[in-house]
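*Asks:* Below is the structure I would like to discuss, written out as structure tokens.
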Amino acid sequence: MGAKMAESPRRPAIIVAASEIMLKGGNRPRYERLLARNIADAVSGRGAKVYRRQARIIVEPGGSEDAEELALRISRIPGVRWVRIGYLIPRDYDLLMQIAVEKAREIGPSRVAVEVSRADKSYPKTSLEIARELGERILSTSGAVIDLKSPETIFWVSVLDDAFLFGWRRIEGVGGLPVGASGRVLALLSGGLDSPVAAWLMMKRGCIVDMLHIYAPPTPQEALSEKIGELFLKLKETSPSSRLFLAPYHHFLSNTLSSKARLELALFRRFMLRLAEALSLEIGAKAIVTGDSVGQVASQTLESLHAASYGLRLVVLRPLAGYDKEEIIRLSKTLGFYELSIKSYKDCCSIVSRHPVPRPRLEDVEEEWRRLGLDDSVAKTLGEVYVFDGARLEAWKTISTGRQEISQE
Numbered sequence: 024m025g026a027k028m029a030e031s032p033r034r035p036a037i038i039v040a041a042s043e044i045m046l047k048g049g050n051r052p053r054y055e056r057l058l059a060r061n062i063a064d065a066v067s068g069r070g071a072k073v074y075r076r077q078a079r080i081i082v083e084p085g086g087s088e089d090a091e092e093l094a095l096r097i098s099r100i101p102g103v104r105w106v107r108i109g110y111l112i113p114r115d116y117d118l119l120m121q122i123a124v125e126k127a128r129e130i131g132p133s134r135v136a137v138e139v140s141r142a143d144k145s146y147p148k149t150s151l152e153i154a155r156e157l158g159e160r161i162l163s164t165s166g167a168v169i170d171l172k173s174p175e176t177i178f179w180v181s182v183l184d185d186a187f188l189f190g191w192r193r194i195e196g197v198g199g200l201p202v203g204a205s206g207r208v209l210a211l212l213s214g215g216l217d218s219p220v221a222a223w224l225m226m227k228r229g230c231i232v233d234m235l236h237i238y239a240p241p242t243p244q245e246a247l248s249e250k251i252g253e254l255f256l257k258l259k260e261t262s263p264s265s266r267l268f269l270a271p272y273h274h275f276l277s278n279t280l281s282s283k284a285r286l287e288l289a290l291f292r293r294f295m296l297r298l299a300e301a302l303s304l305e306i307g308a309k310a311i312v313t314g315d316s317v318g319q320v321a322s323q324t325l326e327s328l329h330a331a332s333y334g335l336r337l338v339v340l341r342p343l344a345g346y347d348k349e350e351i352i353r354l355s356k357t358l359g360f361y362e363l364s365i366k367s368y369k370d371c372c373s374i375v376s377r378h379p380v381p382r383p384r385l386e387d388v389e390e391e392w393r394r395l396g397l398d399d400s401v402a403k404t405l406g407e408v409y410v411f412d413g414a415r416l417e418a419w420k421t422i423s424t425g426r427q428e429i430s431q432e
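Under the working numbering, the final residue of the sequence shown carries the number 432; numbering is consecutive throughout.
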């Protein structure tokens, strides 16, 4: 994915550094390609050009695209360590000096520092020499003050084999691994604050995250038209190949009309995980993801978590296990989920018993599960699952035959 320099003496560029990718040895080329592809997906339709160049990913904005807005969007992509706003410049040292001075004058009097790295170690000047000469030129021509301890602006230069990268504004990325590096998982998506954050955290660990929502409204279309559809589409911005599976609640409800009320929530939690496991085995997901935070509510005591997940063949990942509610809310706001999550919505957990046993005994839950025949409820529910890819809603069991497709305008 290379690119030769054009006639223009400078080209606006967003320069991207990868996160943990560099630590992965033999996986590095694959992970770099994944990250470049994910960035290209995120900026598609905007005329931007994306390519890899000597351990960096370069994004050249298209047309009137605002560099700041583009850089901020890229910084939120998992796998990005940092993003710099700058230029791609021909390897002309005098031109580099000229552009650096112009930018320093544009910024105005401030405390500055200069950082230099050489991807091309054969370049005749060392990193220290370039940094010193560039700093002296900026100091003598722009009114800036060199301050290596607490600079307001850091001018950054990378020496490539046939070009300079020059940047002046650094935005920290979210880190992690590029989506697609770690395989596919299935996350339970409710209408609450926790589950979208948990799904995003697994995207940050490189997972393609499909989602499962068990809906109480009469139809999957009604569930999608409310905030569940909006939350899914917001998450899909980070993992474009994610899908939302929608399963009806009514089979569980009809089979538990005679259940012990205080065990109903424990049974429903177990039902969700059994359904998620059955679906995961069909779609090739390697793990189930939940938004559980240990001890936060009655359904998330260790006893409740044990009763819900005991006997599963797949691992259950709980990325929020050690978070408290305030931390989850802060992260939800940072990620842009909060306003969607607090919208009114009748989810299934609000229907089940309001006074559950906080520490259910596994043997009691298993006995009630068998008495009510809830394995049958799981099987029937699996047969009525729908899948939404962001554009189309269709019955999961009939996808291969192309039947029952519903467009979402």
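Glycine included, every Cβ here is placed at the ideal spot set by N, Cα and C.
1. Are the CB atoms of Leu-58 and Ile-80 nearer to each other than 8 Å?
2. Would DSSP call Lys-283 helix, strand or coil?
3. Whole angstroms is fine: what's the gap from Gly-25's alpha carbon to Leu-183's?
4. Taking the beta strand (DSSP E) that Trp-419 belongs to, which residues open and close that run?
5. Which residues in the same chain have their Cβ closer than 7 Å to the Cβ of Met-226, if we skip the five residues on either side of it in sequence?
6. Going by CA-CA distance only, name the one from Gly-318, Gly-70, Val-338 that's closest to Lys-348.
7. Just mark Asp-185 as buried or exposed, buried being the case when its beta carbon has 16 or more other beta carbons within 10 Å.
8. Name the one or two DSSP bridge partners that Thr-176 has.
9. Among Arg-104, Val-106, Trp-105, Ala-123, whose alpha-carbon lies nearest the alpha-carbon of Ile-112?
10. Three-state secondary structure (DSSP) at Glu-260?
11. Can you give the beta carbon distance from Ala-138 to Trp-105, rounded, assuming they're within the 8 Å contact cut?
12. Out of Pro-240, Arg-192, Met-295, Leu-337, which one is the CA nearest neighbour of Asp-4?
13. According to DSSP, is Thr-424 helix, strand or coil?
14. What is the residue span of the alpha helix (DSSP H) that Ala-154 lies within?
15. What separation, rounded to the nearest whole angstrom, lies between the Cα atoms of Ala-270 and Glu-390?
16. Do Leu-212 and Leu-247 have their beta-carbon atoms positioned less than 8 Å apart in this structure?
17. In or out: Tyr-54 buried (at least 16 other Cβ within 10 Å) or exposed?
18. Leaving out five residues on either side along the sequence, give the residues of the same chain with a beta carbon under 6 Å from the beta carbon of Arg-69.
19. Just curious, the beta strand (DSSP E) that Asp-115 is in, first and last residue?
20. Mark Lys-144 as exposed unless 16 or more other C-beta atoms lie within 10 angstroms of its C-beta, in which case mark it buried.
21. According to DSSP, is Leu-211 helix, strand or coil?
22. Can you tell me whether Tyr-54 is helix, strand or coil according to DSSP?
23. In this structure, how does DSSP classify Pro-35 when only helix, strand and coil are distinguished?
24. Using CA atoms only, rank isn't needed, just tell me which of Glu-326, Lys-126, Ala-210 is closest to Leu-288.
25. Within 10 Å of its beta-carbon, does Val-312 have 16 or more other beta-carbons around it, so buried, or fewer, so exposed?
26. Quick one, are the C-beta atoms of Val-388 and Arg-293 less than 8 Å apart?
27. Measuring CA to CA, which of Arg-207, Ile-161, Ser-400, Leu-343 is closest to Leu-520?
28. Name the two residues that bound the continuous beta strand (DSSP E) containing Pro-271.
29. Helix, strand or coil for Tyr-74, going by three-state DSSP, please let me know.
*Replies:* Looking at the coordinates:
1. It is a contact, given that the beta carbons lie within the stated cut-off.
2. In the structure shown, Lys-283 sits in coil (DSSP, three-state: anything other than H, G, I, E or B).
3. For Gly-25, the pLDDT reaches just 46, beneath the cut-off of 50, and the residue's location in the model is therefore unreliable, leaving the point undetermined.
4. Segment: none, Trp-419 is in no beta strand (DSSP E) and carries neither H nor E.
5. Only Pro-101, Val-202, Val-232, Thr-261, Ser-262 meet the Cβ criterion.
6. Here the closest residue by C-alpha is Gly-318.
7. Counting every other CB atom within 10 Å of its CB across the protein chains shown gives Asp-185 a total below 16, marking it as exposed.
8. Beta-bridge partners assigned by DSSP to Thr-176: Val-135.
9. The residue with the shortest Cα to Cα distance from Ile-112 is Ala-123.
10. Coil at Glu-260, not helix or strand.
11. As written in the sequence, residue 138 is Glu, which differs from the Ala given in the question. So it is not a contact: roughly 12 Å between Cβ atoms.
12. This structure leaves residue 4 out entirely; the chain is present only between 24 and 432.
13. Annotation note: pLDDT 40 at Thr-424 (below 50); position unreliable, no value reported.
14. Per DSSP, the unbroken alpha helix (DSSP H) holding Ala-154 starts and ends at 150-165.
15. About 25 Å.
16. Not in contact: Leu-247 and Leu-212 (Cβ atoms no closer than 8 Å).
17. Buried, since its Cβ has 16 or more Cβ neighbours within 10 Å.
18. Taken in chain order, the residues that qualify are Gly-85, Glu-88.
19. First-last for Asp-115: undefined, no H or E at that position.
20. It is exposed - the Cβ of Lys-144 has fewer than 16 other Cβ atoms within 10 Å.
21. It is a strand residue.
22. Helix.
23. Pro-35 carries a strand assignment under DSSP once its states are collapsed to helix, strand and coil.
24. For Leu-288, the nearest C-alpha among the options comes from Glu-326.
25. Buried.
26. A contact, by the Cβ cut-off of 8 Å.
27. For the chain, the structure presents residues 24 to 432; residue 520 sits outside this window and is missing.
28. Pro-271 -> beta strand (DSSP E) spans 267-271.
29. Looking at Tyr-74 - three-state DSSP - the assignment turns out to be strand.
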